[in-house]
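Below is one structure, written out as structure tokens; comments come after it.
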DNA sequence: CTGAAAGCGCTAACAC
DNA sequence: GTGTTAGCGCTTTCAG
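Chains as they are written, first to last, in the working numbering: chain Z, 43 to 390; chain H, 43 to 390.
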């Protein structure tokens, strides 16, 4: 009883079976007026009987509107991008759009070009550029933006006049983290940075550095190290930092995964957190509440970020032509500091 | 200098500009023979100059082949589904296919129907059903399978004759975990199960139960509790279990997130892991190596799972019609036990 | 080697 | 109310 692959039922067959014109079937499908109730019922009956499903493809071709949004992403194995995608997918669904997903194999420019054009060839109505800004991988997209005939929304980058951007304020988030440590009375605050080719890592690093200097604490090179976001890299970065800055009493780590490693390394070296070393992370992943000890962190709701991006894009799609250009709205979200045990100054 | 939305360049315009027929342009595009080199060059030049990009949509319509695979997933905020999707996206890319992504808002059946039909309406060439098997949410898809005129590949379910399935052997993985604990000399082994409406949770639970009984250890209800995969739920489950089974000396936890909570709760109750309580997780997420202590876990490479699913599906798509039905290949992957500090029996 | 005609499945504009 | 005629952008015959 193997299921032989059946041919798709077309509107033409429905029309013939119901003994009406193709047009009338179309009218029924689209709930248009001017169809006699009896005719409509007959058509509907045939549609049901033949299990007819209209082809969105053919529709898209003629309407010049695919109701698909192209999403270009990278690094889905990371928690951040996948949560963002979750938000995008959910919101798109809700608003009646499909997601055409493309993941870049690397963060480099080269791959991106072909992949983006592949997406555009499929006639997506708009594009959400959810690739982290690494090196200058965004340059050429921005350069060519005028040549693409669909709207774009960019995620996670500095506000820039004339560009629709949806992003968390990483600088503000990092500032909160460091200021919190200062308030707790810590002064010798180190930093484990993310890879500084990433915009987000640079923002967090810059905020650490600036807040420190504002507090009258000179920043030296031995006070920070760089990881690549992963727990593995965080382990090495943590060891180096503890080594080169032994009097450090607190550390701001650029993401929760690396902060986890910091906790682990500290423990292995006999340091008590937060008594000997306070630790603050970034991202606010769900697990951070169950680290040992629970991790103070800066939370950004990336699901929400994805939702907002879709709303923004669809607003642009459905707005009248002229208004689009006037003021590409920037959505600038504020992260939130979650204080837990890992950063509380204990009576020494 | 606002970028006014341009109209798309069509093959017709290229033809006119190059003073050839639409046909010839098409031949050039598709690298077909029988085009004079001079003509070809002229056409290519015009294509370049006009920045012409053929419409994949129009192509799909006539070729009855979209080169898109529909992916139905759910719970992208979880690590597992998103890693799987990462594998799917990467592999599809490599093989020249695009991914049309659909995420179910819940695991229930109702939403699924409309969403699946939406995907099919866009003429995907095949579907990867990556929704975890929860309750009987898979029943109706399987029932209606014969009515869909494209091939399906199912992820993460029991092998079943006549169905193309790509899955890890959860039962085998859980067996490894429990046998490892027995080998270490632990006998009073508890279990924190995932939500038992999930197939994967049931498999892991069943393996625990069976291995215990084979070892002559009767299983009682107080020896296990149930969580919902999240660290939060794992915390409650861990507390309950420690409470109702105080003499427990080891525990097999159904995923790493909940295992993390088990470590955290044990620590807060003054229990030393693994001295007082050995812990084994499941999944092998990257962070598990940095838990305190590093977690023994059963690793499954979900990226690989996604890759295999795509390979399987595309093999079906590109195979001659008859051979498809004969023997839908099942890919049955073996997870791997990673032994770390959390489960090592220490000289007491 | 090249072009003209037909048509993929559907909707838009107009007739009747 | 309903049918007819076009045509979305492209490929596929089949003539020349």
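Ideal Cβ placement from N, Cα and C applies to all residues, glycine included.
Bear in mind the structure is a predicted one, so any value in this text is a computation, not a measurement.
Using the Cβ count rule (16 or more neighbours within 10 Å means buried), how would you classify residue 225 of chain H? On the second chain, residue 225 of chain H is found 183 positions in, with the first residue counted as 1. Answer is exposed; the Cβ neighbour count stays below 16.
Bridge partner(s) assigned by DSSP for residue 113 of chain Z: Sequence index remark: in the first chain, residue 113 of chain Z carries index 71 (1-based). Looking at the DSSP assignment, residue 113 of chain Z forms a beta bridge with Z/143, Z/170.
For residue 319 of chain Z, the three-state DSSP class (helix, strand or coil): Taking the first residue of the first chain as 1, we reach residue 319 of chain Z at position 277. Coil.
Determine the burial state of residue 339 of chain H: buried for a count of at least 16 other Cβ atoms within 10 Å of its Cβ, exposed for fewer. The residue labelled residue 339 of chain H in the question sits at position 297 within the second chain. When all chains shown are included, residue 339 of chain H counts as buried.
Cα-Cα separation, residue 183 of chain Z to residue 124 of chain H: Along the first chain, read from residue 1 onward, the residue named residue 183 of chain Z stands at position 141. Along the second chain, read from residue 1 onward, the residue named residue 124 of chain H stands at position 82. About 26 Å.
The stretch 66–77 of chain Z: which residues have C-beta closer than 9 Å to a C-beta of chain H, in chain order? Flagged: no residues at all.
Where in the stretch 181–222 of chain Z do unbroken runs of the beta strand (DSSP E), each at least 3 residues long, occur, reported from the N-terminal end onward? The stretch 181–222 of chain Z contains these whole beta strand (DSSP E) runs: 194–197, 207–210.
Helix, strand or coil for residue 24 of chain H, going by three-state DSSP, please let me know. For residue 24 of chain H there is no data in the structure shown, the boundaries of chain H being 43 and 390.
Is residue 45 of chain H close to chain Z, meaning its C-beta is less than 8 Å from at least one C-beta of that chain? Against the second chain, residue 45 of chain H aligns to sequence position 3. Residue confidence is low: residue 45 of chain H scores 42 on pLDDT, short of 50, so the model does not pin down where it sits. No coordinate-derived value is stated.
Euclidean distance between Cα positions of residue 62 of chain Z and residue 70 of chain Z: Here residue 62 of chain Z refers to the residue found at position 20 when the first chain is read from its first residue. Here residue 70 of chain Z refers to the residue found at position 28 when the first chain is read from its first residue. The alpha-carbon atoms of residue 62 of chain Z and residue 70 of chain Z are separated by roughly 11 Å.
Would a check of beta-carbon distances place residue 206 of chain Z closer than 8 Å to chain H? As a working mapping, residue 206 of chain Z is identified with position 164 in the first chain. Taking 8 Å as the CB threshold, residue 206 of chain Z stays off the interface with chain H.
Applying the 10 Å Cβ sphere with the 16-neighbour rule, what's the burial state of residue 67 of chain Z? Residue mapping note: residue 67 of chain Z aligns to position 25 of the first chain, counting from 1. Note on residue 67 of chain Z: 16 or more other CB atoms within 10 angstroms of its CB, so buried under the neighbour-count rule.
Would residue 200 of chain Z pass as an interface residue toward chain H - the criterion being a Cβ-Cβ separation below 8 Å? Taking the first chain and counting its residues from 1, the one referred to as residue 200 of chain Z is at position 158. Chain H, which has no Cβ nearer than 8 Å to the Cβ of residue 200 of chain Z, makes this no.
So residue 142 of chain Z packs on residue 173 of chain Z, CB below 8 Å; how close in whole Å? Reading the first chain from its first residue, position 100 is the one you call residue 142 of chain Z. Reading the first chain from its first residue, position 131 is the one you call residue 173 of chain Z. Actually they do not touch by this definition, with Cβ atoms about 15 Å apart.
To the nearest angstrom, how far is it from the Cα of residue 138 of chain Z to the Cα of residue 193 of chain Z? Position 96 of the first chain holds residue 138 of chain Z. Position 151 of the first chain holds residue 193 of chain Z. Rounded to whole angstroms, the separation of the alpha carbons of residue 193 of chain Z and residue 138 of chain Z is 18 Å.
What does residue 272 of chain Z reach in chain H if we use C-beta pairs closer than 7 Å? Along the first chain, read from residue 1 onward, the residue named residue 272 of chain Z stands at position 230. Neighbours of residue 272 of chain Z on chain H, chain order: 328.
Mapping DSSP to helix, strand and coil, what is residue 64 of chain H? Residue numbering aside, residue 64 of chain H sits at position 22 when the second chain is read from its first letter. Helix at residue 64 of chain H.
For residue 202 of chain Z, which of Z/383, Z/370, Z/323 has the nearest alpha-carbon? Here residue 202 of chain Z refers to the residue found at position 160 when the first chain is read from its first residue. Minimum Cα distance to residue 202 of chain Z is reached at Z/370.
Members of the stretch 152–183 of chain H near chain Z, C-beta cut-off 8 Å: Those would be 157, 159, 160, 161, 162, 163, 164, 165, in chain order.
Sequence-distant residues of its chain with Cβ nearer than 8 Å to residue 422 of chain H (five each side left out): Since the displayed chain H opens at 43 and closes at 390, residue 422 of chain H lies outside it and no answer follows.
Would you say residue 126 of chain Z and residue 145 of chain H are within 8 Å of each other, going by their C-beta atoms? As a working note, residue 126 of chain Z is residue 84 in the first chain. As a working note, residue 145 of chain H is residue 103 in the second chain. No, the Cβ-Cβ distance between residue 126 of chain Z and residue 145 of chain H is not below 8 Å.
Simplified DSSP state of residue 104 of chain Z, which is helix, strand or coil: By one-based count along the first chain, residue 104 of chain Z stands at place 62. Helix, per DSSP.
Close beta carbons around residue 51 of chain Z, own chain, < 8 Å, minus the five adjacent residues each side: Here residue 51 of chain Z corresponds to residue number 9 of the first chain, with the count starting at 1. Apart from sequence neighbours up to five positions away, the residues of its chain that approach residue 51 of chain Z with a beta-carbon distance below 8 Å are 92, 93, 94, 95, ordered along the chain.
Excluding the 5 residues preceding and the 5 following residue 248 of chain H in the sequence, name in chain order all residues of the same chain whose CB lies nearer than 7 Å to its CB. Along the second chain, read from residue 1 onward, the residue named residue 248 of chain H stands at position 206. Correct list, in chain order: 213.
Where do the N-terminal and C-terminal ends of the beta strand (DSSP E) with residue 381 of chain H fall, by residue? Position 339 of the second chain holds residue 381 of chain H. Element bounds for residue 381 of chain H: n/a, residue is neither H nor E.
Output yes if chain Z places a C-beta closer than 8 Å to the C-beta of residue 132 of chain H; else output no. Here the question's residue 132 of chain H lines up with position 90 in the second chain. Judged by the 8 Å Cβ criterion, residue 132 of chain H is in contact with chain Z.
Which whole-angstrom value describes the C-beta separation of residue 204 of chain Z and residue 345 of chain Z, a residue pair presumed to lie in contact below a C-beta threshold of 8 Å? The residue given as residue 204 of chain Z occupies position 162 in the first chain. The residue given as residue 345 of chain Z occupies position 303 in the first chain. Contact doesn't hold; Cβ gap of about 27 Å is too wide.
Within its chain, find whatever has a CB closer than 7 Å to the CB of residue 89 of chain H; leave out the 5 residues flanking it on each side and keep chain order. One-based indexing of the second chain puts residue 89 of chain H at position 47. Scanning its chain for C-beta atoms nearer than 7 Å, with the 5 sequence neighbours on each side dropped, one finds around residue 89 of chain H the residues 56, in chain order.
Does residue 153 of chain Z come out as helix, strand or coil in the three-state DSSP assignment? Your numbering for residue 153 of chain Z matches position 111 in the first chain. Reduced to three states, the DSSP call for residue 153 of chain Z is helix.
Does the beta carbon of residue 203 of chain H fall short of 7 Å from some heavy atom of the ligand GDP? Of ligands this structure carries none, so the ligand GDP is not represented either.
Could you check the C-alpha separation between residue 171 of chain H and residue 115 of chain H for me, to the nearest Å? Numbered from 1 along the second chain, position 129 holds the residue referred to as residue 171 of chain H. Numbered from 1 along the second chain, position 73 holds the residue referred to as residue 115 of chain H. One C-alpha to the other measures close to 7 Å.
Quick check: residue 220 of chain Z and residue 294 of chain Z, are their CB atoms within less than 8 Å of each other? For this step, residue 220 of chain Z is matched to residue 178 along the first chain. For this step, residue 294 of chain Z is matched to residue 252 along the first chain. Yes.
Just mark residue 75 of chain Z as buried or exposed, buried being the case when its beta carbon has 16 or more other beta carbons within 10 Å. Along the first chain, one-based indexing puts residue 75 of chain Z at 33. Counting Cβ neighbours within 10 Å, residue 75 of chain Z comes out exposed, since fewer than 16 surround it.
Give me whichever residues DSSP pairs with residue 247 of chain H in a beta bridge. Working through the second chain from its first residue, we reach residue 247 of chain H at position 205. Partner(s): none; residue 247 of chain H has no beta bridge.
I'd like to confirm the pairing. Which residues does DSSP put opposite residue 231 of chain Z in its beta bridges? Along the first chain, read from residue 1 onward, the residue named residue 231 of chain Z stands at position 189. Residue 231 of chain Z is bridged to Z/292.
Counting pairs of Cβ atoms below 8 Å between the stretch 347–364 of chain Z and the stretch 305–324 of chain Z, do you hit three or more? At 8 Å Cβ cutoff, the stretches do not touch.
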